[in-house]
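In the working numbering, the protein residues as written are 25 to 406. Yeah, the Cβ is synthetic: ideal placement off N, Cα and C, and Gly gets one too. Everything numeric in this text was worked out from a predicted model, so none of it was measured.
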Ligand code: GLU
């Protein structure tokens, strides 16, 4: 009975979930996609969505699929970058076709979303990717993300094109995910490589990713405990952005569902910070200040003491040339920096509305982006 089933379904612990699926999970270790495994994954996604979860899939498997399509499964030795990029381009269509087929069974529409990390490092690219992904979730579409390997050359180190572990963490941060589930064939972080040392023990929880953990994962060389280095990097990135991370076995039955319901599988890396704090830090670290907004004593006081938004009324002067969306500093009459943040108005617009009541913005500019020149959500006090 469906009502009985519903009663038995545990509540969701996480609402917005990024699921990163490794090549070895998708192929079950063979040279081609395993449709049964993929169908099982889609069924889990469908069940979680019915419970109200939002899902984004970050998938690997394009290169492996392309290799198979071109009949080159026995050429694993050939690793040169252009060749792998061709494989990725060829395989991506087959990969998407497979996803389309398995999700159609649940009436779920998917969207191919190819990203490069370079796009996300850029302010406008970041905002566009974030807005698009959030719009997909709003429309009930499941984004199927992969790195745009064809143009990802400048990300390459050695013979590896990008890596989807780090990409999945960028995506988790981009959409403020609650959970990043890195599903792999290893099943977590172990005290030694479980493929070589059967006595290796699973580490169920990693509170802080310190040198010891990094060493266990093989540092940056990637020769660690089962390709864990990039997974640990991803865990560090995502937990630093306020997302809970699990590295768990994608072969375990219902792994994604169980994680979403709060079951501890594999290795848990609890979120290291509050999400809002991380946004603020990101804003400070990643962006350079394009200009100054000088405010009067009254504004300076409420900004400092009440963490209020900055309204045009308190602005005396604007220095520098900047556009809407750029980072600016808020400076008091004595030249002290009080705060930094993302501006809703350009320097030219602020020039025209400074000192005015917010009601006048539309009248003066002919348009308006809100009463605040800088919203407190996009601001960090210094
Ligand atoms: N983008 C690659 C692919 O789809 C995978 C990269 C990775 O797994 O780290 O084949």
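Report the rounded CA-to-CA distance for residue i versus residue j, giving the unit in angstroms.
i, j, result
"residue 271", "residue 316", "44 Å"
"residue 105", "residue 113", "12 Å"
"residue 222", "residue 280", "25 Å"
"residue 347", "residue 204", "34 Å"
"residue 282", "residue 78", "15 Å"
"residue 59", "residue 197", "30 Å"
"residue 259", "residue 273", "15 Å"
"residue 206", "residue 45", "6 Å"
"residue 232", "residue 369", "40 Å"
"residue 225", "residue 84", "27 Å"
"residue 393", "residue 331", "20 Å"
"residue 244", "residue 32", "Note that residue 244 scores a pLDDT of 45, beneath 50, so its modelled location is shaky; the value from the coordinates is reported in the next line. Going by the C-alpha atoms only, they are around 44 Å apart."
"residue 403", "residue 101", "50 Å"
"residue 389", "residue 375", "11 Å"
"residue 162", "residue 220", "45 Å"
"residue 139", "residue 189", "13 Å"
"residue 94", "residue 252", "29 Å"
"residue 187", "residue 131", "30 Å"
"residue 294", "residue 257", "14 Å"
"residue 444", "residue 227", "This structure does not reach residue 444, given that the chain is present from 25 up to 406, and the question cannot be answered."
"residue 255", "residue 242", "11 Å"
"residue 240", "residue 99", "31 Å"
"residue 383", "residue 276", "58 Å"
"residue 342", "residue 155", "29 Å"
Using CA coordinates, which residue listed in the options is at the minimum distance from residue i?
i, options, result
"residue 289", "268, 346, 404", "268"
"residue 292", "213, 195, 81", "213"
"residue 400", "363, 379, 380", "363"
"residue 407", "99, 157, 107, 129", "Nothing can be reported for residue 407: it is not among the residues displayed for the chain, which extend from 25 to 406."
"residue 125", "62, 378, 226, 92", "62"
"residue 91", "389, 84, 284, 108", "108"
"residue 366", "332, 349, 189, 379", "349"
"residue 35", "389, 101, 73", "73"
"residue 110", "342, 70, 141, 175", "175"
"residue 137", "297, 67, 195, 318", "195"
"residue 39", "286, 353, 329, 371", "286"
"residue 208", "65, 200, 119, 139", "65"
"residue 191", "368, 42, 395", "42"
"residue 335", "377, 328, 372", "377"
"residue 278", "95, 54, 70, 403", "70"
"residue 86", "159, 50, 296", "50"
"residue 160", "199, 254, 96", "199"
"residue 371", "220, 318, 219", "318"
"residue 328", "210, 389, 405", "405"
"residue 47", "103, 98, 119, 94", "119"
"residue 116", "397, 88, 128, 201", "88"
"residue 128", "188, 96, 97, 67", "67"
"residue 266", "256, 299, 141", "299"
Per the DSSP calculation, residue i is bridged to which residue(s)?
i, result
"residue 365", "352, 403"
"residue 136", "168"
"residue 204", "42, 269"
"residue 291", "271"
"residue 226", "214"
"residue 156", "Residue 156 pairs with nothing; no bridge assigned."
"residue 398", "334"
"residue 195", "Per DSSP, none; premise fails for residue 195."
"residue 339", "319"
"residue 79", "41"
Return yes when the C-beta of residue i is under 7 Å from any heavy atom of the ligand MG, and no when it is not.
i, result
"residue 80", "The ligand content of the structure shown is limited to the ligand GLU, which means the ligand MG is not among them."
Between which residues of its own chain and residue i is the CB-CB distance below 7 Å, once the five residues before and five after are set aside?
i, result
"residue 143", "149, 153"
"residue 165", "133, 134, 135"
"residue 37", "284, 285, 286"
"residue 314", "344, 346, 350, 351, 352"
"residue 333", "396, 398, 399, 400"
For residue i, which residues from the same chain have a beta carbon less than 6 Å from its beta carbon, with the 5 sequence-adjacent residues on both sides left out?
i, result
"residue 320", "338, 340"
"residue 123", "134, 168"
"residue 229", "292"
"residue 261", "193"
"residue 56", "92"
"residue 380", "336"
"residue 361", "353, 355, 406"
"residue 202", "38, 39, 40"
"residue 97", "55, 91"
"residue 215", "224, 225"
Can you list, in chain order, the residues of its chain whose CB lies under 8 Å from that of residue i, leaving out five sequence neighbours each side?
i, result
"residue 76", "36, 39"
"residue 373", "348, 389"
Problem set entry | the segment 229-242 touching the segment 164-173, judged by at least three CB pairs closer than 8 Å | no
For this session: Decide yes or no for the touch test of the segment 356-363 against the segment 322-335: beta carbon pairs closer than 8 Å, at least 3 of them.
Result: yes
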